[in-house]
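In my numbering, the protein residues as written are 110 to 229.
Think of the CB as a built atom: it goes at the ideal place given N, C-alpha and C, for glycine as much as any other residue.
Below is one structure, written out as structure tokens, with a few remarks after it.
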Amino acid sequence: MVEVGQKKDDFPKTNSLWLDECISFPDIDTASIETISHPGSSRRAGRPQKDFGSCSTKTKRRRINHILGTSSQEEISMAAEVQLRREGKRDSAAIVKELCDFSPRRGTTIKKARKCFSSP
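And the structure:
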């Protein structure tokens, strides 16, 4: 046990034997250490997140806020188009491309045309 006196000067004098020695620690791979709360994994602590589809609109907006702040409109629309094509939704991907690549009024034109076709 290490003795510590009331004065700061006493500590180096009393513990000079082990303070002068070279202390080395073996390299430890921290990635392989399992956590107590999640043995076998390196998951985050806290409440697990819901999947995106089951969240409210407010939560969805909060989650995508960092994407909106760091990505341009072209990048976001391209990502949406590519993901829709991966899912086999080619028509939806074509509509996203058409909405984003053409004039700003194109969305209004498509909306009006859809309204005319859906009315009996």
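**Request:** Look up Arg170 in the DSSP assignment and say whether it is helix, strand or coil.
**Result:** On the sequence shown, residue 170 is found 61 positions in, with the first residue counted as 1. Secondary structure at Arg170: helix, using DSSP grouped into helix, strand and coil.
**Message:** Just to confirm the assignment, what range does the alpha helix (DSSP H) spanning Cys164 have?
**Reply:** Here residue 164 refers to the residue found at position 55 of the sequence shown. Element bounds for Cys164: n/a, residue is neither H nor E.
**Prompt:** For Val205 versus Glu183, is the C-beta spacing smaller than 7 Å?
**Reply:** Start at 1 with the first residue of the sequence shown, and residue 205 comes out as number 96. Start at 1 with the first residue of the sequence shown, and residue 183 comes out as number 74. One thing to note: Val205 has its Cβ no nearer than 7 Å to the Cβ of Glu183.
**Which of helix, strand or coil DSSP assigns to Ile185** = Within the sequence shown, the letter at position 76 stands for residue 185. If DSSP states are grouped into helix, strand and coil, Ile185 belongs with the helices.
**Asked** When you compare only the Cα positions, how much space is there between Lys169 and Phe120?
**Response** Residue numbering aside, residue 169 sits at position 60 when the sequence shown is read from its first letter. Residue numbering aside, residue 120 sits at position 11 when the sequence shown is read from its first letter. About 57 Å.
**Asked** Could you check where the alpha helix (DSSP H) with Gly216 kicks off and where it finishes?
**Response** Indexing the sequence shown from 1 puts residue 216 at position 107. Note, Gly216: alpha helix (DSSP H), 215-227.
**Message:** For Arg194 and Cys209, what's the separation of their Cα atoms in angstroms?
**Reply:** Locating residue 194 in the sequence shown gives position 85, where the first residue counts as 1. Locating residue 209 in the sequence shown gives position 100, where the first residue counts as 1. Near 16 Å, if we compare the C-alpha coordinates of Cys209 and Arg194.
**Asked** Which same chain residues, not among the five before or five after Leu128, have their C-beta less than 8 Å away from its C-beta?
**Response** Position 19 of the sequence shown, counted from the start, is the residue given in the question as residue 128. Within the same chain, Leu128 has close Cβ partners Pro121.
**Prompt:** Which of helix, strand or coil does DSSP assign to Gly197?
**Reply:** Sequence index remark: in the sequence shown, residue 197 carries index 88 (1-based). The answer is coil: DSSP assigns Gly197 none of H, G, I, E or B.
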